[in-house]
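Asker: Here it is, the structure, as structure tokens.
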Amino acid sequence: MGLADEESTELRRRRWARDRELRAPRSPQHLSTADFLTLGNAVCGFLAIYSTTTGILMPHLTGESNAPVKHSAATVVTLLLIGAMCDLFDGLVARKLRSSALGAELDNLADLISFGIAPAYFVAVWGLVSSGSNQQLSAFIALTVLLAVVLRLARFSAVKMRPGIFQGMPCPMGAMTVIAIVLLDPPFVPGLLLIFGVAYLMVSRIEYPKPQGLLATATVAWIVVSIGCLASWAAGLPGGDTLMHIGALAQIALAAMAPLLVIRRKVGEKVGVVRARRAENRG
-1 MGLADEESTE
9 LRRRRWARDR
19 ELRAPRSPQH
29 LSTADFLTLG
39 NAVCGFLAIY
49 STTTGILMPH
59 LTGESNAPVK
69 HSAATVVTLL
79 LIGAMCDLFD
89 GLVARKLRSS
99 ALGAELDNLA
109 DLISFGIAPA
119 YFVAVWGLVS
129 SGSNQQLSAF
139 IALTVLLAVV
149 LRLARFSAVK
159 MRPGIFQGMP
169 CPMGAMTVIA
179 IVLLDPPFVP
189 GLLLIFGVAY
199 LMVSRIEYPK
209 PQGLLATATV
219 AWIVVSIGCL
229 ASWAAGLPGG
239 DTLMHIGALA
249 QIALAAMAPL
259 LVIRRKVGEK
269 VGVVRARRAE
279 NRG
């Protein structure tokens, strides 16, 4: 029995040491599996900017009316959706496997490219190619989107929040909402006001839940469905335009859900206070 107990104890010790080694942070010279997903997010952001330039801006400047602008726009959104999926999974992988000392910094830099520079550039290009637009005004609104993401990421790194929530709209949701507004191609000034509203929500103190468990699964399903709708729209399939509009409107509604719930709660609290005061006065 003594020998068996010693072997069992040694086996548990080795397992514990292995688990500790797997979960221990690596040195800055090493990249973890999660870091490669983060780099994939950055690559998607760069390719989205590249596709916006070559597929939308350059055909407009050169007068190539037959250029597949719709296909390029769908490619941009698909790349950002894939980047959002990488951003979702890199955190999950980092918690399950070994993380690196570079992980947090890489994540912020990749998010800045994919969810800050890329959507801001998309808005600026929309202001250049859209009829009845103002280039200076669209560039200013695009700058507000970029600065909102910069401030949002800096606050995320510096301010500790309670587990399970984000303060302010998460950058991936903000980026996809901005892109959804542009895809709907609303009247220029109302569209810019909506985009400015999204930038404000990203730096606000409104609480958004983190995508974990069922919410993370629903997020992945939403991304897959969105990519399918965009593919149908880009390919010119029957009903593709309708699917794109439904998907864009659903994204905007999803982004507005949290602030609407906050407004509803505050209104309910004020109504409760008023009713309590009236009851006291009657008493």
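Residue numbers for the sequence shown follow our numbering, so the first one is -1 and each next one is one higher. The beta carbon of each residue, even a glycine, is placed where N, CA and C say it ideally should be.
(1) Specify whether the segment 231 to 242 and the segment 103 to 115 touch according to this definition: at least 3 beta carbon pairs, one from each stretch, less than 8 Å apart.
(2) Measure the beta-carbon distance from F186 to S98 and round it to whole angstroms, keeping in mind my assumption that it falls under 8 Å.
(3) According to the neighbour-count rule (16 or more other Cβ atoms, all chains shown, within 10 Å of its Cβ), is V271 buried or exposed?
(4) Starting from F87, follow its DSSP beta bridges and name the residues at the other end.
(5) Considering only the beta carbon of each residue, do G53 and S70 sit closer than 9 Å?
(6) Can you pull the DSSP bridge partners for P207?
(7) Within 10 Å of its beta-carbon, does R160 have 16 or more other beta-carbons around it, so buried, or fewer, so exposed?
(8) Can you look up S70 in the DSSP assignment and give me helix, strand or coil?
(9) For a test of the three-state rule: what should DSSP assign to A82, helix, strand or coil?
(10) Please list the terminal residues of the continuous alpha helix (DSSP H) segment that includes L104.
(11) Using the three-state DSSP reduction, which class does S128 fall into: helix, strand or coil?
(12) Touch check for the segment 186 to 195 and the segment 210 to 218: three-plus C-beta pairs under 8 Å?
(13) Given 8 Å as the limit, tell me if L247 has its C-beta closer than that to any heavy atom belonging to the ligand MG.
(14) For the alpha helix (DSSP H) containing T175, name the first residue and the last one.
(15) How far does the alpha helix (DSSP H) with H282 in it reach, from first residue to last?
Answerer: Result, derived from the coordinates:
(1) no
(2) Against the sequence shown, residue 186 aligns to sequence position 188. Against the sequence shown, residue 98 aligns to sequence position 100. Rounded, the Cβ-Cβ distance is 45 Å, inconsistent with contact.
(3) Indexing the sequence shown from 1 puts residue 271 at position 273. So V271 ends up on the exposed side.
(4) As a working mapping, residue 87 is identified with position 89 in the sequence shown. By DSSP's assignment, F87 forms no beta bridge with any residue.
(5) In the sequence shown, residue 53 corresponds to position 55, counting from 1. In the sequence shown, residue 70 corresponds to position 72, counting from 1. In this structure, S70 lies closer than 9 Å to G53 by Cβ.
(6) Numbered from 1 along the sequence shown, position 209 holds the residue referred to as residue 207. DSSP, once it has assigned bridges, lists I163 as partnering P207.
(7) Translated into the one-based positions of the sequence shown, residue 160 becomes position 162. So R160 ends up on the exposed side.
(8) Residue mapping note: residue 70 aligns to position 72 of the sequence shown, counting from 1. Note: S70 maps to helix in three-state DSSP.
(9) Taking the sequence shown and counting its residues from 1, the one referred to as residue 82 is at position 84. A82: helix per DSSP, three-state reduction.
(10) For the purposes of this step, residue 104 is taken as residue 106 along the sequence shown, with counting starting at 1. Note, L104: alpha helix (DSSP H), 101 to 110.
(11) Counting from 1 along the sequence shown, the entry for residue 128 is found at position 130. Looking at S128 - three-state DSSP - the assignment turns out to be coil, as it is neither helix nor strand.
(12) The count of Cβ pairs closer than 8 Å, one atom from the segment 186 to 195 and one from the segment 210 to 218, stays below three, leaving the stretches out of contact.
(13) Among the ligands in the structure shown, none appear at all, so the ligand MG cannot be discussed.
(14) Counted from its first residue, the sequence shown places residue 175 at position 177. It spans 169 to 182 - the alpha helix (DSSP H) in which T175 sits, taken as one unbroken run.
(15) Nothing in the structure corresponds to residue 282, since the chain is present only between -1 and 281.
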